[in-house]
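See below for the structure under consideration.
What follows is the structure, encoded as structure tokens:
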């Protein structure tokens, strides 16, 4: 079944961006006639595109002749392909800042790039959004929560110009721990975060939460992105000043352990190679926007990545021991598929730090020199060692949280990984050396010493200042989150099959700026949010719709549908139920498989008073709410979510108990309102961040009557929540 | 008054009043039935999608030469016997379907562009392996509206969540109301259909307020925003689904003989059988495009066993669906399409399995306007590629639209300055498939 694994999962391309990362894996014919683009050589004559067999019966000789011709043509095409370098592999180039029409509009060079394009298209930027809308937008973007009415009113009344007043708000929002809880979820989408393995057994990842919390903390601490990457790929090899930092580094490597693997896979080498593939896929797509996993069975069909390149990278992970707290069929222990013995042990506070000392590499910022700024303090989940819970047969069903354990990796048997012919783990081909890949135009990976896996060198390489991919990919992700559309719309694919940037100069400007502010994600976000472009109204206009219906050029702010988390969190927030802290320790139970005690389950529900990011993400067992509101499949690498508009969302808002309860709570909080007008006014401020209009007050009066009871008021609250306005960040 | 008309009206209740009220506001549902471009037999589609790439060599493409080929070739794993008056050959893996041989059109010459799952699945559903395009179901519903005003025009039962996910039943740039609504098979249905607190009158009042706010938004801040229009329509639909969906899922009125027809209550056929029965009930209500998905057809290993299992899970249900539609005089107006994203190779892949093959596979059709009892087109003698009457995915889509009375060149939607269509600039209607 291995081929199905590869092509089911390695190519789960972003739906919204539509990037079907074509991977004609496996089939025998594929070695011959390949990849003549639809309409390419044949001018689109045959509607079946690259299937070059003639559509009508032709004599065998002619067929043979054509086949020969095609073979030669296709090899020519293949040769030509090799020279095609994706735009994103080319060096970063500092673009000249353009001249613009309205000198007083821009606040930042970002605005000059935007305005120059709008000028050229004869479009004008939209007016500034009203202050209530701006603070609502910013609070949703940075916290995934609503501003309080007091915050909105304070901003509206602030006598200072918007530049200064808004900067203060953005700074306040960035400083709050709520920021990490919002932006970590973006990262978790990208790294297929889950609290269970999925697939046949779906065993829980009992310590996945530590990685999740690490991401939150790292973002809150504004850990430089280079270090953020390095910790995830090679945290176990990073030097640490103390045990806390070392523990954090180890936890970060949980990144490599969260793959959705079939624990019932009976062939050990297949299991190992599937894991390696998952690690390659998440590393290259999250950080590089490349689908290198396409090259597991064959040279990459589009990008200049050879199968040997894949195995040069595979060797690093092949030399790594992955400890996910799970066992697979071939080496199952007493606890079935959950096995706490297969976890990384964290240093206990105060014990001497085992020195991790990979050799420092020359040049660049050296992550492996121990001069980094303070790492975020470890938090949560460290209390209460108790006993694991077992059922009457002795099977493990509930877990006590052990503060010394985490999912993570360590160096394993150091060895190169032989190429596997057509991806078959048992058919070995030549053996490339770890890290020695030859991807044209990308920098080389530093030489990997004989006794190291090479992950340290890979981490070093990702953070090279002039790396053309890492800074572009991340800057684009930040932009996409704040404007609803990436400059490169295929946020997870910067290869040949991806889209080219709509704004190449702005792309490089942002990427270079990101590097120059020390790879500070917060500083990049701040710069983008203080631009005039971000501050625009989201109102549409006829000119814009006609010339640029998709708002590619950013002539306004695009209204963005709020995510499942934001919907739930804001309802908990406004009903007064949301707590600031996180749940402590392991929140999953069961050991996977069937049966009431074994079944993997969450100990938290939608009703739990925690932010949605803290609810366990169990593969194939997502709450209905998540499914209804386009929460991404947690086995997929998903840099941009889908946005659907379906009746089941309306049904959720009309009938779901969670929504109805929150509406009741919100209604109750306003029992002191003098009359329907006062109630409506207060609720608009609370839920929509603005005053109600005259028309809306008249509607309220009609709906509520003069002295509404609790149920009527709750129905009214629910109507506001159900309205389209609540559903978007405008 | 036809039976369907009666069902529709009696099922509407408040929804009907709501729509009347909306109609007074100048609101016309984009889902209202529309005339086809020309008269046609088929009024709706039931698309049975087999995810993974079912083998044509073990199902509907009889290849006696392959059995003799030897070497690296894997012989067909099942006997093919003649069935019906037409005498077309069908594999022994489908004993129930074989009884309907004279209704089946086996298109042995299907071809797609890419032998990778993701690209091929998305291609089959949208006609484009690379770009975000509306799905076939969305196009059909856009073209014909729906006769069931209290149900979505396009329903998809148990769709796959990966390999293009919601895009496979999405509307892309078409208005959001045309996207497929996902139902869970096996009777699960739709969540949140009931409200314990608000009665229908009260809830209608609440929805009226929501819609008032939504339309105000559409008139001001969100002018021309198709997502807001989609939300407005989704509320009307949601309200009506509260009464219409339970009716579809309430199979209490179905006699045991019908349940038996679909294999409901028998282990391996229960799930797909229930889904097929749902499909029939949705068809009866006038839903325009119904998709049912079966997973697990990617048989790289041991195809004899693995394929047999999957085939058994769908054989009786599909045969039951055909028989049931027939006994209700609905088969001639319902187009049934059975297809995977591609087929499988003639060579042995892993132990006793087959790899992917895009160049030749089989699509099966039955019902509305289809000429049954025939094999149409062919692959070469080993089944490795379509050679006669090659039917690419655009051709398949064009032919499906044609069977519904839609000209694929004329079914267009203007977006970003140009007219888009399901078949892009391709597609040829295969007349040989038509009755």
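Protein chains in written order, with our numbering: chain A, 1232 to 1961; chain B, 3 to 437.
Backbone N, C-alpha and C define an ideal beta-carbon position, used for all residues, glycine too.
For chain B, check one thing: does any of its Cβ atoms lie closer than 7 Å to the Cβ of residue i?
{"i": "residue 1403(A)", "result": "no"}
{"i": "residue 1882(A)", "result": "yes"}
{"i": "residue 1629(A)", "result": "no"}
{"i": "residue 1187(A)", "result": "Any answer about residue 1187(A) is impossible in this case: the structure gives chain A only from 1232 up to 1961."}
{"i": "residue 1934(A)", "result": "yes"}
{"i": "residue 1896(A)", "result": "no"}
{"i": "residue 1509(A)", "result": "no"}
{"i": "residue 1776(A)", "result": "yes"}
{"i": "residue 1770(A)", "result": "yes"}
{"i": "residue 1479(A)", "result": "no"}
{"i": "residue 1267(A)", "result": "In this prediction, residue 1267(A) has a pLDDT of 26, which is less than 50 and means its spatial position is unreliable; nothing more can be read from the coordinates."}
{"i": "residue 1359(A)", "result": "no"}
{"i": "residue 1887(A)", "result": "yes"}
Using only CA atoms, which one of the options lies nearest to residue i?
{"i": "residue 393(B)", "options": "369(B), 414(B), 430(B)", "result": "430(B)"}
{"i": "residue 1860(A)", "options": "193(B), 343(B), 151(B), 212(B)", "result": "193(B)"}
{"i": "residue 1508(A)", "options": "1499(A), 1517(A), 1498(A), 1525(A)", "result": "1525(A)"}
{"i": "residue 1493(A)", "options": "1474(A), 1432(A), 1473(A)", "result": "1432(A)"}
{"i": "residue 1406(A)", "options": "1442(A), 1449(A), 1394(A)", "result": "1449(A)"}
{"i": "residue 1458(A)", "options": "1701(A), 1836(A), 1655(A), 1809(A)", "result": "1701(A)"}
{"i": "residue 1904(A)", "options": "1874(A), 1823(A), 1654(A), 1940(A)", "result": "1940(A)"}
{"i": "residue 1548(A)", "options": "1795(A), 1394(A), 1464(A)", "result": "1464(A)"}
{"i": "residue 1703(A)", "options": "1324(A), 1428(A), 1814(A)", "result": "1324(A)"}
{"i": "residue 68(B)", "options": "349(B), 373(B), 184(B), 299(B)", "result": "349(B)"}
For residue i, decide whether its Cβ has a neighbour in chain A, counting only Cβ atoms nearer than 7 Å.
{"i": "residue 240(B)", "result": "yes"}
{"i": "residue 404(B)", "result": "no"}
{"i": "residue 171(B)", "result": "no"}
{"i": "residue 194(B)", "result": "yes"}
{"i": "residue 420(B)", "result": "no"}
{"i": "residue 219(B)", "result": "yes"}
{"i": "residue 10(B)", "result": "With a pLDDT of 34 at residue 10(B), under the threshold of 50, the modelled position of that residue is not reliable, and the figure given next carries that caveat. With 7 Å as the cut-off, residue 10(B) does not count as an interface residue toward chain A."}
{"i": "residue 183(B)", "result": "yes"}
{"i": "residue 168(B)", "result": "yes"}
{"i": "residue 197(B)", "result": "yes"}
{"i": "residue 178(B)", "result": "yes"}
{"i": "residue 211(B)", "result": "yes"}
{"i": "residue 293(B)", "result": "no"}
{"i": "residue 126(B)", "result": "no"}
If residue i sits next to residue j, beta carbons under 8 Å apart, how far is it from one beta carbon to the other, in whole angstroms?
{"i": "residue 93(B)", "j": "residue 60(B)", "result": "6 Å"}
{"i": "residue 1945(A)", "j": "residue 1898(A)", "result": "4 Å"}
{"i": "residue 291(B)", "j": "residue 46(B)", "result": "7 Å"}
{"i": "residue 338(B)", "j": "residue 324(B)", "result": "7 Å"}
{"i": "residue 208(B)", "j": "residue 1950(A)", "result": "5 Å"}
{"i": "residue 327(B)", "j": "residue 273(B)", "result": "Not confirmed; about 20 Å, so no contact."}
DSSP beta-bridge partners for residue i?
{"i": "residue 1525(A)", "result": "In DSSP, residue 1525(A) forms no bridge with anything."}
{"i": "residue 390(B)", "result": "380(B)"}
{"i": "residue 1435(A)", "result": "1427(A)"}
{"i": "residue 365(B)", "result": "109(B)"}
{"i": "residue 1791(A)", "result": "1960(A)"}
{"i": "residue 436(B)", "result": "372(B)"}
{"i": "residue 295(B)", "result": "51(B)"}
Is residue i close to the ligand FMN? I mean its beta-carbon at under 6 Å from any heavy atom of the ligand.
{"i": "residue 333(B)", "result": "Because no ligand of any kind appears in the structure shown, any question about the ligand FMN cannot be addressed here."}
**Message:** Taking beta-carbon pairs under 8 Å, can you tell me which members of the segment 1849 to 1878 of chain A lie near chain B?
**Reply:** 1855, 1859, 1861, 1864, 1866, 1867, 1873, 1874, 1875, 1876, 1877, 1878
**Asked** Which residues, in order along the segment 1944 to 1959 of chain A, keep a beta-carbon less than 9 Å from a beta-carbon of chain B?
**Response** 1945, 1946, 1947, 1949, 1950, 1951, 1953, 1954, 1955, 1956, 1958, 1959
**Asked** At a Cβ cut of 8 Å, what residues of the segment 32 to 66 of chain B count as close to chain A, listed as they run along the chain?
**Response** 54
**Message:** So if I threshold CB-CB distances at 8 Å, which residues from the segment 153 to 166 of chain B count as touching chain A?
**Reply:** 154, 163, 164, 165, 166
**Request:** With 8 Å as the C-beta to C-beta threshold (strictly closer), list the residues of the segment 223 to 237 of chain B near chain A in chain order.
**Result:** 223, 224, 225, 226, 227, 229, 230, 232, 233, 234, 236, 237
**Asked** Which of the residues in the segment 1311 to 1342 of chain A, read from start to end, lie with their CB under 8 Å from any CB of chain B?
**Response** none
**Request:** Report the residues of the segment 1784 to 1818 of chain A with a CB closer than 8 Å to any CB of chain B, ordered along the chain.
**Result:** 1790, 1792
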